[in-house]
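Numbering (the working numbering), first residue to last: 501 to 592. Glycine is no exception: its CB is placed at the ideal position from the N, C-alpha and C atoms. Quantities reported herein were computed from a predicted structural model and do not represent experimental measurements. Remarks on the structure that follows.
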Amino acid sequence: MLSLFRITGYLEGISYLLLLGIGVPLKYLAHDDSWVKALGMPHGLLFGLYIFLTLALRDKMHWNFKSLVTIMISSIIPFGPFYIDRKYLSNA
501 MLSLFRITGY LEGISYLLLL GIGVPLKYLA HDDSWVKALG MPHGLLFGLY
551 IFLTLALRDK MHWNFKSLVT IMISSIIPFG PFYIDRKYLS NA
């Protein structure tokens with residue numbers, strides 16, 4: 501399950517960067533919201549899976565409350581999942 505969490509984290513992080521870096525600028529600069537629609541649904545599903553897996557792995561990984569909150573909040577910060585992978589998961 502840890503490998504699934506790591507893969508989900510990478511995909512969620514990439515989808516978020518694509519959404520913020522491509523979708524949002526095109527929506528407001530080119531008035532084309534098709535990229536936001538195309539990238540938003542996969543990102544939302546990956547975000548939900550990331551949060552679910554964070555909660556599912558809490559006991560197995562022995563994360564305290566502070567670590568759990570940090571890991572969950574990282575999913576709404578650009579590059580956050582990559583930081584979490586390096587800090588909390590690379591030695592696991």
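Member of the options whose CA lies at the smallest distance from the CA of residue i
i    : options                : result
G523 : L511, G540, Y510       : G540
M561 : L526, K587, D533, P525 : K587
I551 : V569, K537, N564, P525 : V569
Beta-carbon proximity list for residue i, same chain, < 8 Å, skipping 5 on both sides
i    : result
L553 : M501, L504, F505, T508
L517 : P578, F579
I573 : G580
Whole-Å CB distance - residue i paired with residue j, under 8 Å assumed
i    : j    : result
L511 : L555 : That belief does not hold up - the Cβ atoms of L511 and L555 are roughly 18 Å apart, past 8 Å.
6 Å CB neighbourhood of residue i in its chain, flanking five on each side removed
i    : result
I571 : T554, I584
Alpha-carbon spacing of residue i relative to residue j, whole angstroms
i    : j    : result
L519 : G544 : 11 Å
W535 : L529 : 12 Å
S567 : S515 : 23 Å
G580 : L589 : 13 Å
K527 : G521 : 11 Å
CB contact check: residue i to chain C, cutoff 8 Å
i    : result
A530 : The structure shown contains no chain C, having only a single protein chain.
Exercise for review: List in chain order: all unbroken alpha helix (DSSP H) runs of 4+ residues lying wholly within the segment 517 to 575.
Suggested key: 524 to 529, 534 to 561, 565 to 574
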